[in-house]
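Undergrad:
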């Protein structure tokens, strides 16, 4: 029980700005087991956003609430995944060789492509969430972050790391297939409960396809994965999921 709590808190401490203030074991095995809790942490974040939405919907117009939710997400996650998307786009669209792309991705300064990607990402999320709320599908606020993290776990099944050292290496190739299978079944069951089986299957297949295509792009550009590409995959997974919901 103590090790389970350690791994759960480790995921919260690693992926959010929630102050845990505890000395936790953070060996590679802890991250491997803790992967089970990554979608759980996403569910908690999505749940907090949903509560904010419920608390404000009688006082503010939905478009204003969605902007506040995006701000809250950026604050509680530290913009971790969006930063990964920006760095990935800066590198991939630079049209340089592998080594130079990785150098660009490590640069703390945001370039033109990263800025464009960040703006488009936020605009898409805003418009998609706003449209879904108007369609009485506000549950997407909770479900989208979970599906995004599931896409990260599937991407991490690959053992192809682009760098010898990097924060992403503690996850890439360090995944337990039974754990991913279990958390995926739980997530699909939750989606089916709220959305129905048809939408769940179509949206999940769409996210898997986008995840695999993005993986092929990563192999082509840098011959592997980095922490930034994991963050980018999360954003792509969320947007794909929201797009399918709106189309259905």
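In UniProt numbering, the protein residues as written are 1 to 248.
Glycine included, every Cβ here is placed at the ideal spot set by N, Cα and C.
If you're wondering where the values come from, they're calculated on a predicted model, not measured in any experiment.
Could you check how far apart the C-beta atoms of residue 75 and residue 17 are, in whole angstroms? I think they sit under 8 Å.
TA: 7 Å
Undergrad: At which residues does the alpha helix (DSSP H) containing residue 93 begin and terminate?
TA: Per DSSP, residue 93 is not a residue of any alpha helix (DSSP H), being assigned neither H nor E.
Undergrad: For residue 242 and residue 132, which I take to be in contact (beta-carbon distance under 8 Å), what is that distance rounded to the nearest angstrom?
TA: 7 Å
Undergrad: Can you give me the C-alpha to C-alpha distance between residue 170 and residue 237, rounded to a whole angstrom?
TA: 21 Å
Undergrad: Is residue 173 near residue 158, with beta carbons less than 8 Å apart?
TA: Their beta carbons are under 8 Å apart, which means residue 173 touches residue 158 by this criterion.
Undergrad: So does the region 28 to 36 actually touch the region 176 to 184, counting three or more Cβ pairs closer than 8 Å?
TA: Yes: at least three Cβ pairs fall under 8 Å.
Undergrad: With a threshold of 6 Å on Cβ separation, who are the neighbours of residue 144 within its own chain once the five nearest residues in sequence on each side are excluded?
TA: 238, 241 and 242
Undergrad: Could you compute how far the alpha carbon of residue 26 sits from the alpha carbon of residue 154?
TA: 22 Å
Undergrad: Residues in the same chain with beta-carbon distance under 7 Å from residue 191, minus the five sequence neighbours each way, listed in chain order, please.
TA: 143 and 200
Undergrad: What number of angstroms, rounded off, separates the C-alpha of residue 44 from the C-alpha of residue 90?
TA: C-alpha of residue 44 to C-alpha of residue 90: approximately 30 Å in a straight line.
Undergrad: Would you call the CB atoms of residue 228 and residue 84 closer than 8 Å?
TA: yes
Undergrad: Does the region 202 to 214 touch the region 124 to 138, meaning 3 or more C-beta pairs lie closer than 8 Å?
TA: no
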